[in-house]
Each structure stands twice: as structure tokens, then as C-alpha cells.
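Read in order, the letters of the sequence shown correspond to residues 0 to 353 in numbering that gives the first Met the number 0. Note that CB positions come from ideal geometry on N, CA and C, so glycine has one too.
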Amino acid sequence: MRKFRTWNVCFRCLKIVVNAAAFRRFDLMRTAKQHMPNLDLSALIEEARNAAGVNTRTPAGFDAPTRITPETLQRFGQLALDQPVANLASFFDANGRLRRVPPSREAITYADVKPLEIARATSRCAAAGAHLLLREEAIAPKANNGIPVFQREVSAFSLVEPARLVPSADGASIPATVGMPIKTASVDWSDQDTAQIHAIRFEISRAQLRKYRDEGNLTAIITASILAGVGQMADAVLLRALAAANLANFTIGAAAAAGLSHTALRGLVGTAGAGATIADDGGLRAARVLAELTDATESTFVGAWANAAVLLDRSVSVVAERAGSVMDGGMVLTVLGSAVALVPDQSKFWKVAA
């Protein structure tokens, strides 16, 4: 029997002084965040369009500003993956997959969609059985009589392996001695190289901005694209990790030796199409294992995907700024996300030769 667990571990030691009042404010901020709506992309774009680039100060009694300081034209927002997003229901089908062309724009849509469910629905690795998880909130360190503390955030994904009991004759010694029947892959978020940043930039012309904003679809189209892209980002992260691993070529005997059932195996065929065939029933096969196509890798892999996970960061950052001069009227949206692959047992995965 396999069990999957994730956790955050907090380590405390001498570093910085934090008082109790600061922690009360922190708790209030966390509580307020749980009741806040998700990113208002329309308001973010409007703020960026109206950004002056300078901050002026005009004291009382003066007609003109006495201090002018430059400020960024960029405006920043966070699209939380653990909070629902409203008015996107028409952009996804009943299974959570993105509609390439929405059938129509409904007059009123109040249905919320859950970002993590959309990511899972668009991820080929998740469809094969991999787990898409969200990075949990860090455990807040607690001040104790003014003792200085700092925290270290660690996330992990574990597999509990079944005990392999072997025959033992009466009076004979136990023939096999093994360690703990658990395998864990962990990530330390204090390491800046832990999760690679994935980014895309949307350039929206003035005509496109006017057209889609007037139709009421501008922010919905961009948000739906981002949520579907999170699932593809998860695929790229996991398949890149498998491509970097020294995996053996797939054989049925190797899968049997790993203790896997045939129904647990799934294949993902990359852009090179290595080992891919079409069966008589019209289904795709990789080394005669049920498979699906993916554009996230060139290679072909077969494995028990439930033995792997992708840990997504809690939110996707969105940066809005004007494109060109004020007269151009266009917008540039930069989207930044991150994720990390957790594969405790690489022996459950294989590559497929051409």
C-alpha cells in the first residue's frame, strides 16, 4: 500500500528578533487574505495604463509640487492558485479543459473555477496519475519571551513501500534486513535554485485592448490562458526532471520487478515520437503501453506516474505595464510562475528507445 504525504518543516534558531505584536499582525493579514477575492486583472491593467511614472508632493499653500520622485510604471499582482476565480466557467468544458474557442459570451456568469483543478485537467502528467500539489503556507515561527527566531521552509513528497515478507524456516534467522520502507523527495525553499522561474509575456495592442475589453472578455481570456498554462508548466518541470535522470530502457520485466501492475503504467510520447505506435483499436501506445502525446518533451517515458508529484508555488505573479509611449496605448503583461518536481523513486520510470 502506498501513501502520499506532504509537509512543511520549520526550523528555529538565532537570527532576527520578532515581537508578539508583529505575529498578531501577521495572523490578521493571513486571515484577511483568506477572505480576499483573487486577482482583479482588470483593475491591475487600469492601474498600469494610468501610471504616471512619478510621485509628486505639493505642500499646503503651494500651487506646484516641490518634490518629484520617479516611480515604476509597472503594477504587480498575484493570481492565487488556492482561491477560486470567478466568471471563467464558459472558457472550460465539464472536465476542466480549456475551450479553444468559447462558444459564446454569456450575459452573466457567476460560476467560480478552482485554479488547481484547471491545472490538473490540462496536465498530461496529472492525467497519467501524477500528483499536482500546492506549496503550503509557511509555518509561522512563534516568539517565546522575545527569543530571536527564523524559519526554514521544507516541503516533501513520500512513498511508503509495501513490506516484502519472505519465507522463514522455524529456528532460522530472518533472511532479509531492510531499512525504513519509505522514500522521500524534499525541497528546501530557502535555496534560490530550488524552483526555476517560468515566464511568458503578452503584448496587447491598443486595438486588441479596446476590442476585448469592450466585449468583456479581456481579463477572462488572459486568466483562462494562465490557468491552463500552469498545467503545462507542471508537465514541463516533471518531464525535464525525468529526462535529466539516468533512466533505463523500458521492459515489461523491469516493470514487474518494480512491483507495478500493468494497469498502473502509462506512457507519455514526446515530440520525437520515439517508440510510439497506433494499436488496432486506434489508441496510442508507447512500448505497447497506453500512452498520450505531450509537447513538453522530446523523449518518451513509461512509468507509474502516481509515484511522482509536482509542487506548484502558491501563486502566479502578473506584472502589467504600458507598451511604448502613452500614445501607443498598448499593454504588456508578464506572467511568472514556478514549480518543482518531486520523484522519490526513479526506478518506477523508464525511457522508451526509438
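Contact fails between the stretch 61–81 and the stretch 184–202, because fewer than three Cβ pairs, one in each stretch, are under 8 Å apart. One thing to note: Thr57 has its Cβ no nearer than 8 Å to the Cβ of Thr68. Here Asn248 is exposed, its C-beta having fewer than 16 other C-beta atoms within 10 Å. Distance from the CA atom of Ala285 to the CA atom of Arg212, rounded to whole angstroms, is 45 Å. Asp111 is bridged by DSSP to Ala85.
Around the beta carbon of Arg123, 16 or more other beta carbons sit within 10 angstroms, so the residue counts as buried. In this structure, Arg74 and Ala319 form a Cβ contact; the two beta carbons are roughly 5 Å apart against a cut-off of 8 Å.
Relative to Val334, the option among Met232, Trp304 and Ala243 whose CA is nearest is Met232. The criterion of a C-beta distance shorter than 8 Å is satisfied by Ala254 and Leu264. Runs of beta strand (DSSP E) with 3 or more residues, each lying fully within the stretch 46–81, are found at 53–56, 66–69 and 74–79, listed in chain order. CA-CA distance, Ser41 to Ile138, rounds to 33 Å. The stretch 342–352 and the stretch 149–158 touch, with three or more beta-carbon pairs separated by less than 8 Å. DSSP, reduced to helix, strand and coil, places Gly230 within a helical segment of the structure shown.
When DSSP reads this structure, Asn144 sits in no beta bridge, so it has no partner. Beta-bridge analysis with DSSP links Gly266 to Ala290 and Val301. Taking each of Leu97, Leu238 and Asp187 in turn and checking the Cα distance to Ala307, the smallest one comes out for Leu238. Take Ile173, set aside five residues on each side of it, and the residues of its chain with a beta-carbon closer than 7 Å to its own are Ser167, in chain order. About 13 Å separates the beta carbons of Gln77 and Ser337, which is beyond the 8 Å limit, so they are not a contact pair.
In this structure, Gly328 lies away from Leu133, with their beta-carbon atoms at least 8 Å apart. The beta carbon of Asp234 lies closer than 7 Å to those of Ser122, Arg123, Cys124, Thr293 and Ala295 in the same chain, with the five residues before and after it left out.
In the three-state reduction of the DSSP assignment, Phe201 falls in the strand class. Of the residues Ala59, Ala120, Glu45 and Leu72, the one whose Cα lies closest to the Cα of Gly52 is Leu72. Under the three-state reduction of DSSP output, Ser224 falls in the helix class. Exclusion of the five residues before and after Leu226 leaves Pro114 and Ile117 as the residues of its chain whose Cβ lies within less than 6 Å of its Cβ.
A straight-line Cα-Cα distance of about 25 Å links Val165 and Thr183.
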